[in-house]
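Beneath this line is the structure, given in structure tokens, with notes to follow.
Right under this line is the structure:
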């Protein structure tokens, strides 16, 4: 198994009465009123430190993602964050679970920036292409939800083709027309970095991932037990389309809370977890499901999107630590407890890539380092050899063994 | 009682058309709720008119709008439908989304439309007096914005003609709202203001005084842009004015069409 340290980069200074006072953390939460850039300076630098620390602690990958106009995640441009990370890391793979391709015009911009990251990092990039949430795409960026998915797929097709062909061609798409497609630089990884598709359970996405051999990453905030119907449907699709049942085809996100025991877990993590579920996830229902965002095929299949489900479960409620444990959202307790739970997850979901959320909500630096260190030292080794019999075809090969480190400054 | 038929258009696309009634022919372009057998306004119209009501592409299958990307494509689509039905000059009546499409059609094909009735139209925008975001409520609750009582009348509350299947109901609603969204997202302004001066049809604009979606002031915007048009504001009615004040709107419509 592989373990990746995923940062959502929430804004940790939302007011206590946020949920009562504001209808939504996303789209229309007033930035000028709620975001303090002086505090933000500290927050961004803390978060980058934490991601860099995760490499040293022994995580395989460090993850960033893309969201807009919200207090849930402060990375409108994940590429900027990944670029900052290329300089002080050298081993960890950079798992960029943005870019929402349909938002970039032309999408070749994404091919350029991803290739820049791959070259800067010495071939360490994992390129993620989410369709993007309804909030980010339809509401914040004005993307038409009726055509969003079609436009997104065309964009991904263009990017992948540009990377594979590596010579100029003309692209006559429905949404993008380019007479000369010839992006510089080309990625170190040949033909291209592994492509991961973060998804929320839509049936066409499964089929598309399997057909193109993309990794499917199910980013659920509802724990692995609740993730089973979606992952079962994914593996069913793999089987139907004749793919191998290789666990490295799939990734899953899991909240982690490592402590000495359950009581310490509650003392350290209840506050940050409740902050996340009550504030960062306080999303007005109209924003997460614009018309057309959920396809008719997915509606017919009856797999409801996780955000829809979440909101149904948690709207208006003041969610407590106990609720989160009962619902299986968070894996908490001693290292052994967590290893047991993750083994159970591996059995049930059959996923080789775990995106561990060791930071959430307004967690303090100290707690983040504690959670990260104990997870890396005491949990990862217990699970490291699972799925060793499979080849991970969705992971960067070590193309450059000698990754260039920043030179000392001339004055030093 | 309405009959339902399918016409085939050049290129192979198909369109569903409802028909009923006797009298002078009028073409009805429906609003976001679509068409159903029990639409009370259409039932009323069939008493005095031969009503031809095409169903918007997208409403039965979203694949129908894959190649209808813009309002211009929509105008072309309806022109093909009217040709397939053998219609010459038409009296075109549209409500809400259908009124926007009717206005677009009349601007694209001014010589084909002799009379035009726009009931609660949209498609124009003023920064200082903006149209509300229809999608600022979950789209399944869109009736809360459109009706004076914040809920649909019994006849109009069901998005499908098959009221007993909740899943088909949800799908019918999703298809309807996705179709509307395609032509108005994120702001219902595709440049209609530039095209409205092309309209030569005798035009009547009707709007509810208490429309929470499209402020009543937009009736003036349409009236000012279409030369010689007349407008009527319906008191104590919202975006669904034809359904909320049916007798009053019918009387206006009869007076205008039979003049």
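Residue numbers (the working numbering), protein chains in the order written: chain A, 394 to 805; chain B, 15 to 273.
Yeah, the Cβ is synthetic: ideal placement off N, Cα and C, and Gly gets one too.
Since the model is a prediction, treat every value here as computed from it, not as a measurement.
When Cβ-Cβ separations below 9 Å define contact, residue 215(B) makes no contact with chain A. The alpha carbon of residue 40(B) has as its nearest neighbour, out of 140(B), 62(B), 84(B), the alpha carbon of 62(B).
Against residue 196(B), the close residues of chain A are 537, 539, 540, 685, in the order they occur along the chain (beta-carbon pairs closer than 8 Å). Contact annotation: in the region 661-695 of chain A, residues whose CB is within less than 8 Å of a CB in chain B are 678, 679, 682, 683, 684, 685, 687, 689, 692, 693, 695.
Residue-level contact by beta carbon fails for residue 161(B) and chain A, as no gap is shorter than 9 Å.
An exposed status is given to residue 431(A), since fewer than 16 other beta-carbon atoms sit within 10 Å of its beta-carbon.
Under the 9 Å criterion on CB atoms, residue 543(A) is classed as interfacial with respect to chain B.
Looking at 568(A), 572(A), 625(A), the one whose alpha-carbon comes closest to that of residue 562(A) is 572(A). In the three-state scheme derived from DSSP, where H, G and I count as helix and E and B as strand, residue 129(B) is classed as strand. Relative to residue 466(A), the option among 416(A), 440(A), 741(A), 800(A) whose CA is nearest is 440(A). At a cut-off of 9 Å between C-beta atoms, residue 532(A) counts as an interface residue with respect to chain B.
In this structure, residue 134(B) sits near residue 254(B), with a CB-CB distance shorter than 9 Å. Annotation: the continuous alpha helix (DSSP H) that includes residue 602(A) extends over 596-605.
Under the three-state reduction of DSSP, residue 90(B) is assigned to helix. Take residue 538(A), set aside five residues on each side of it, and the residues of its chain with a beta-carbon closer than 8 Å to its own are 527, 530, 531, 683, 684, 685, 686, in chain order.
Relative to residue 463(A), the option among 729(A), 762(A), 437(A), 675(A) whose CA is nearest is 675(A).
Residue pairing for residue 246(B): DSSP places it in a beta bridge opposite 220(B).
Measuring C-alpha to C-alpha distances from residue 211(B) to each of 219(B), 194(B), 240(B) identifies 240(B) as the nearest. Within the same chain, 721 come within 7 Å of residue 618(A) by CB-CB distance, once the 5 residues on both sides are set aside. In the DSSP assignment, residue 104(B) falls within the beta strand (DSSP E) that extends over 104-109.
Taking a 10 Å sphere around the C-beta of residue 544(A), we find 16 or more other C-beta atoms and assign the residue as buried. For residue 486(A), the uninterrupted beta strand (DSSP E) segment begins and ends at 486-489. Closer than 9 Å to the CB of residue 143(B) there is not a single CB belonging to chain A. Nearest C-alpha to residue 129(B) among 258(B), 150(B), 105(B): 105(B). When C-beta atoms of the region 445-459 of chain A are compared with those of the region 418-437 of chain A, fewer than three pairs fall below 8 Å, so the two segments do not count as touching. C-alpha of residue 725(A) to C-alpha of residue 663(A): approximately 10 Å in a straight line. Spatial neighbours of residue 793(A) in its own chain (CB-CB distance under 8 Å, excluding positions within 5 residues in sequence) are listed in chain order as 515, 516, 581.
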